[in-house]
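Structure record follows, encoded as structure tokens.
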Amino acid sequence: MRTPLVAIGALLLPVALTLSVAAAVMLTGHGNCPRLSPPSLPGTRILAMSAVAHPDGMGARASLPGRPVASGVPAFCDVTIILTHPPLRDRVRIQVWLPQSTWNGRFQATGGGAFAAGEFERALVPAVRRGYAAASTDAGVPSTAKSPPVWAQRHDRPINDGLLANFAYRSVHEMSRIGKQVIAGFYGRPPAYSYFTGCSTGGRQGLTEAQRYPGDFDGILADAPAIAWNRLTLAQFWPQVVMNEAGTYPTTCEFAAFNRAAIAACDTDDGRLDGIIGRPDTCRFDPGRLVGTSVRCHGRTIRISRVDADIVGRIWDGPTTRTGERQWYGLPRGASFSWLAGTTKPLFGPRHGAPFPVAADWIHYFLLRQPHLDVSTIGYAEFERLFEESQARYGAVIDSDDPDLSAFRAAGGKMITWHGLADPAVFPQGTVDYRRRVESAMGGGEATDRFYRVFLAPGVGHCSGGAGPVPTDPHAALVDWVEHDRAPDTLPAATTGAHPHLSGVLCRYPQQATAGRPCH
72 MRTPLVAIGA
82 LLLPVALTLS
92 VAAAVMLTGH
102 GNCPRLSPPS
112 LPGTRILAMS
122 AVAHPDGMGA
132 RASLPGRPVA
142 SGVPAFCDVT
152 IILTHPPLRD
162 RVRIQVWLPQ
172 STWNGRFQAT
182 GGGAFAAGEF
192 ERALVPAVRR
202 GYAAASTDAG
212 VPSTAKSPPV
222 WAQRHDRPIN
232 DGLLANFAYR
242 SVHEMSRIGK
252 QVIAGFYGRP
262 PAYSYFTGCS
272 TGGRQGLTEA
282 QRYPGDFDGI
292 LADAPAIAWN
302 RLTLAQFWPQ
312 VVMNEAGTYP
322 TTCEFAAFNR
332 AAIAACDTDD
342 GRLDGIIGRP
352 DTCRFDPGRL
362 VGTSVRCHGR
372 TIRISRVDAD
382 IVGRIWDGPT
392 TRTGERQWYG
402 LPRGASFSWL
412 AGTTKPLFGP
422 RHGAPFPVAA
432 DWIHYFLLRQ
442 PHLDVSTIGY
452 AEFERLFEES
462 QARYGAVIDS
472 DDPDLSAFRA
482 AGGKMITWHG
492 LADPAVFPQG
502 TVDYRRRVES
512 AMGGGEATDR
522 FYRVFLAPGV
532 GHCSGGAGPV
542 PTDPHAALVD
552 WVEHDRAPDT
562 LPAATTGAHP
572 HLSGVLCRYP
582 QQATAGRPCH
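Residue numbers 72 to 591, in the working numbering, belong to the letters of the sequence shown in order.
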């Protein structure tokens with residue numbers, strides 16, 4: 072590593088030294104951040120750079136109230152770049168963390184969640200712990216996974232197409248290009264291998280990279296991808312539409328009764344009694360079987376009605392047009408209803424729906440373009456219109472489901488996707504559908520397995536959690552495949568949750584494990 076050129080010893084705390092492009096260099100921050108030249112990227116202009124050295128890893132944060140200290144983080148240099156796309160006047164932040172003495176020679180770009188393009192510290196800490204030079208970006212749409220996309224509209228209310236392009240596909244590509252330049256300048260050589268890791272929105276970003284920019288990364292881990300975003304977000308709103316039409320809003324307790332019954336009916340479809348549905352695709356439990364039965368909820372007895380059962384059945388089936396044509400997939404049997412079929416009871420007034428924020432925000436900001444409009448009355452007719460508009464307006468921008476991965480294959484890229492079969496937010500059927508279409512486009516299952524493999528995790532929720540075993544280190548499997556050509560047939564998995572006895576492996580799609588038999 073290069074030796075520092077300037078020491079700033081008078082600073083009491085690490086601070087960023089921000090420069091304009093005209094300065095053409097980065098001064099040393101507090102500690103061992105070397106002098107760097109600003110990166111260059113066609114179509115962009117670098118507005119500022121900053122450097123903060125963390126000689127004791129994250130220990131400097133101990134003095135900041137309310138900020139937990141991440142242990143085991145080595146000394147690193149935090150380089151931040153602010154760029155814009157003239158004449159968009161956006162401000163995209165890219166943060167690159169560079170281990171000062173523990174670099175493993177690799178680059179790891181990281182993805183985001185919901186409407187956040189990057190997770191920054193949450194994603195960068197584990198990467199740097201493992202010796203990676205790592206990067207995250209906000210795509211010029213700074214937000215958290217829980218904040219609404221207020222950036223979607225310009226002041227005069229049309230959609231801000233430039234920022235949407237940033238969020239949909241442009242930002243990770245630019246982070247890749249910028250990150251590699253910063254790494255080469257810092258260490259004096261480029262990374263030997265480049266990886267991308269992400270789940271949900273991050274999974275969608277990974278698929279986008281393979282489809283649009285196939286040469287950016289040697290390996291991509293695209294987990295629980297929010298594929299076909301313009302359809303998925305509407306499908307996430309479908310449970311609310313079903314309840315609106317029925318005028319009935321079951322409680323979480325009532326919904327849970329249907330899941331318990333489905334698990335009891337379908338648990339052994341895979342030959343194992345383990346408290347999870349190993350084969351949701353074969354589970355045909357009819358919610359009508361609970362009609363007339365009683366469930367104890369919050370100290371009172373509730374009798375399950377035919378309307379309750381019909382609501383559950385429609386949620387499991389997924390959205391359809393009024394003529395019965397499937398629009399997208401539904402909630403898997405065994406997955407929690409609470410994310411998408413949330414309801415609430417105010418102190419005064421009847422129970423009503425509590426929509427999943429990402430789905431409601433997509434409708435509010437991108438379709439209706441009225442953030443404060445009440446969506447609690449949307450029924451089947453309005454939903455069908457919104458679904459068609461979402462496809463027509465945004466499909467080409469954000470779908471991320473092009474099955475032609477020939478350029479990614481030609482570039483030598485490898486990609487792994489794992490997806491929980493009890494995911495309550497991003498339906499695993501979408502991932503299976505995409506994998507099948509890739510097979511059709513790329514010469515069949517065996518040909519696809521040479522560069523893209525999918526693993527399904529029974530009983531696992533969204534990106535983690537649930538009763539089933541979660542992959543313990545899929546990134547390591549990806550590295551082994553990229554660097555040693557050892558393609559994974561299984562992923563080690565385990566859980567420490569409600570069923571700590573469950574462990575083993577996830578099988579490469581379309582294989583599955585059954586009682587007494589490994590993947591077959």
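In this text, a Cβ means the ideal position worked out from N, Cα and C, and glycines have one as well. Bear in mind that the values here come from a model prediction, so they are computed numbers and not experimental data.
- Looking only at Gly539, Thr488 and Ala493, the smallest Cα-Cα distance to Pro581 is reached by Thr488.
- DSSP, read as helix, strand or coil, puts His555 in helix.
- Just so you know, the alpha carbons of Leu169 and Gln583 end up roughly 40 Å apart.
- Beta-bridge analysis with DSSP links Val366 to Ile373.
- Rounded to the nearest angstrom, the gap between the Cα atoms of Pro285 and Thr155 is 24 Å.
- Looking at Thr414, Val383 and Leu562, the one whose alpha-carbon comes closest to that of Val525 is Leu562.
- In the DSSP assignment, Phe267 falls within the unbroken beta strand (DSSP E) covering Tyr264 to Cys270.
- Judged by pairs of C-beta atoms under 8 Å, the segment 382-399 does not touch the segment 263-272, as fewer than three such pairs exist.
- Per DSSP, the unbroken alpha helix (DSSP H) holding Trp300 starts and ends at Trp300 to Ala317.
- Between Gly532 and Leu402, the alpha-carbon positions lie close to 11 Å from each other.
- In the three-state reduction of the DSSP assignment, His125 falls in the strand class, which pools E and B.
- A straight-line Cα-Cα distance of about 20 Å links Asp556 and Val576.
- About 20 Å separates the beta carbon of Ile298 from that of Pro529, a gap too long to meet the 8 Å contact definition.
- Note that the C-beta distance between Pro442 and Tyr451 is not below 8 Å.
- Taken atom to atom, the span from the alpha-carbon of Phe427 to that of Pro321 is near 16 Å.
- Secondary structure of His533 (DSSP, three-state): coil.
- As computed with DSSP, Val163 is found in a beta bridge with Leu154.
- Residue pairing of Thr585 in beta bridges, as defined by DSSP: Arg588.
- In its chain, beyond the 5 residues on either side, His156, Leu159 and Asp161 have a beta carbon closer than 7 Å to the beta carbon of Gly233.
- Taking each of Pro545, Phe178 and Gln500 in turn and checking the Cα distance to Arg302, the smallest one comes out for Gln500.
- With a beta-carbon spacing of about 49 Å, Pro262 and Phe356 fall beyond the 8 Å limit used to define contacts.
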